[in-house]
Amino acid sequence: MTDSVSREQAITRTSVIGVITNVLLSAFKALVGFISGSIAIMLDAVNNLTDAVSSVVTIVGIRLAKKKPDEKHPFGHGRIEYFSAIIVAGIVLFAGVTALVESVKKILTPEMPEYSAASVIIVAVAVVVKLILGRYVKAQGQKYQSEALIASGSDASFDAILSASTLVGIAITWFFHVTVDGWIGAVLSLFIVKSGWEMLSESISTVIGNRPDSEVSKAIRETVCGFENVLGAYDLILHDYGPEYAIGSVHIEVPADLSADQIHRLTRRISEAVMQQYHVILTVGIYAIDSNHNDLRKSIHETAMEHQGVLGTHAIYIDDEAKTMTIDVMTDFQVDRKALCEDLLGHIAEYLPGYKADINFDNNFSD
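In our numbering, the protein residues as written are 50 to 416.
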């Protein structure tokens, strides 16, 4: 994973480039829009200005996110980056709604804008610049795992398409001598609102808690299962405290005859490997597997898997001395667990008459 200092510098540098570029584009477009009387170009200028503000928010967010952990925030301040992404999305959404209101006014009271060759050239150049800027910012965001940069880059690329539509409006005015300026501004505004809402929804979803990245969770499982005496890895849960910091837990199945010393050394090696490879602080829990009941465990597992919505079973442990049996069953989120539990208890009673069965249902927290 990229060094945190270089990551902060890269995100800051990318954001500064975005600020300078958008301020210049906004100034040129505002001048063109004022001279020509085009609401679409004026709104495009405002949109560039909001992009500059978004980049400033990103810079502030990454700086605050690097604050060291303290007593009140022992997990650090990395999630501030996600809140900066929410602010960026809110700015885009506000700009879109404001632009829509102004566009509707222009539709109700239309005025014929006057475009010069210079204004057309400036808008065309702006389209190219925004396309290049968008691709660069988004690529940097993906490289350094910055949702704020990814949002800004996507918005910039989208802005280029919207700016191109103003060129279409100019062409229509030149060749047909009709004004569609307000209508184009309205369409641009709706797209901006849509883009802002999608960015806001995605950012809020991240704060609430998304499912971990499938490739990462599968890679961690493979790493854990690669250790000797690990018979399976289950219940992987990852809590995200920023792009560079996560805490998680996993349960592993191991032979029941392993000593406490062997289990201690095994879990320590697993935690160290996951931390080194994925920067995840991982707590490892243990499920003991008794080889004396392999056939019976297989039968119980197969019976459970016959039920719709059951994704897997693990931690099947049969205690002949205490006459108990425990099993963890992972289901999807739509399963009627009460009905499933009653059905499974009936089947287990057939396999283990006189035993008390304890069924624990697990959520499908990760792939």
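C-beta: ideal position from N, C-alpha, C; glycine also.
From a predicted model like this one, the values you see are computed outputs, not experimental measurements.
(request) Ignore the nearest five residues each way along the sequence and tell me which others in G190's own chain have a CB closer than 6 Å to its CB. (result) Working through the sequence shown from its first residue, we reach residue 190 at position 141. Once the five neighbours on either side are set aside, the close Cβ partners of G190 are L198, I199 and G202.
(message) With the cut-off set at 8 Å, would you say E196 and S266 are in Cβ contact?
(response) Stepping through the sequence shown from its first residue, residue 196 is reached at position 147. Stepping through the sequence shown from its first residue, residue 266 is reached at position 217. The answer is no: Cβ separation not under 8 Å.
(message) Here's a check: name, in chain order, each residue in its chain whose Cβ is nearer than 7 Å to the Cβ of T61, leaving out the five neighbours to either side.
(response) If you number the sequence shown from 1, residue 61 lands on position 12. If we look at T61 and ignore the five residues flanking it on each side, its Cβ neighbours are I108 and I111.
(request) Between the Cα of I296 and those of A59, I330 and V178, spot the shortest distance and give me the residue it belongs to. (result) To locate residue 296, count along the sequence shown from 1; it is residue 247. For the residues A59, I330 and V178, the minimum Cα distance to I296 belongs to I330.
(message) Here's the rule: buried if 16 or more other CB atoms are within 10 angstroms of the residue's CB, otherwise exposed. What is M50?
(response) Here residue 50 corresponds to residue number 1 of the sequence shown, with the count starting at 1. Low confidence applies to M50: its pLDDT is 44, below 50, so where it sits in the model is not reliable, and the reading given next is rough at best. It is exposed - the Cβ of M50 has fewer than 16 other Cβ atoms within 10 Å.
(request) Would you check if the distance between the CB atom of A94 and the CB atom of S75 is smaller than 8 Å? (result) Walking along the sequence shown from the start, residue 94 turns up at place 45. Walking along the sequence shown from the start, residue 75 turns up at place 26. Yes. Within cutoff.
(request) Assuming N278 and P304 form a contact by the criterion Cβ under 8 Å, report the distance between their Cβ atoms to the nearest whole angstrom. (result) If you number the sequence shown from 1, residue 278 lands on position 229. If you number the sequence shown from 1, residue 304 lands on position 255. With 8 Å as the limit, N278 and P304 qualify as a contact, their Cβ atoms being about 6 Å apart.
(request) Using alpha carbons as the reference points, say which of K405, V299 and G127 lies closest to L280. (result) By 1-based counting over the sequence shown, the position of residue 280 is 231. Taking only the C-alpha atoms, the option nearest L280 is V299.
(request) Can you have a look at D407 and say buried or exposed, based on whether 16 or more other CB atoms are within 10 angstroms of its CB? (result) As a working note, residue 407 is residue 358 in the sequence shown. With fewer than 16 Cβ atoms within 10 Å of its Cβ, D407 is classed as exposed.
(message) Based on DSSP bridge pairs, tell me the residues matched to I408.
(response) Mapped onto the sequence shown, residue 408 falls at position 359. Per DSSP, I376.
(request) May I have a chain-ordered list of the alpha helix (DSSP H) segments no shorter than 4 residues that lie completely inside the segment 113–182? (result) 129–157
(message) Counting beta carbon pairs with one atom in the segment 230–245 and one in the segment 172–184, are three or more of them shorter than 8 Å?
(response) no
(request) Go ahead and pull the three-state DSSP assignment for T228. (result) Taking the sequence shown and counting its residues from 1, the one referred to as residue 228 is at position 179. Here T228 sits in coil by DSSP.
(request) Please confirm if the segment 306–316 is in contact with the segment 146–153, defined as three or more CB-CB distances below 8 Å between the two stretches. (result) no
(request) Consult DSSP for V329 and reduce its assignment to one of helix, strand or coil. (result) The residue you call residue 329 lines up with position 280 of the sequence shown. In this structure, V329 counts as strand in the three-state DSSP scheme.
(message) Give me, in chain order, the residues of the same chain whose beta-carbon lies closer than 8 Å to that of N413; leave out the 5 immediate sequence neighbours on both sides.
(response) As a first step, residue 413 is located in the sequence shown; it is residue number 364 there, counting from the start. Only L360, M379, T380, D381 and F382 meet the Cβ criterion.
(message) Helix, strand or coil, according to DSSP, for S195 in the structure here?
(response) If you number the sequence shown from 1, residue 195 lands on position 146. Coil.
(message) Given this structure, state the Cα-to-Cα distance separating L73 from R184, to the nearest angstrom.
(response) For the purposes of this step, residue 73 is taken as the residue at position 24 of the sequence shown. For the purposes of this step, residue 184 is taken as the residue at position 135 of the sequence shown. One C-alpha to the other measures close to 18 Å.
(message) Could you check whether T228 and E160 sit closer than 8 Å to each other, using their CB atoms as the reference points?
(response) On the sequence shown, residue 160 is found 111 positions in, with the first residue counted as 1. On the sequence shown, residue 228 is found 179 positions in, with the first residue counted as 1. In contact: E160 and T228 (Cβ atoms closer than 8 Å).
(message) Report the CB separation of Y366 from A337 in whole angstroms; it is logged as a contact under 8 Å.
(response) Here the question's residue 366 lines up with position 317 in the sequence shown. Here the question's residue 337 lines up with position 288 in the sequence shown. That pair is a contact at about 6 Å.
(request) Identify, in the order they occur along the chain, each residue of the same chain with its Cβ nearer than 6 Å to the Cβ of A101, setting aside the five sequence neighbours on each side. (result) Looking up residue 101 in the sequence shown gives position 52. The answer, listed in chain order, is V68, N71 and V72.
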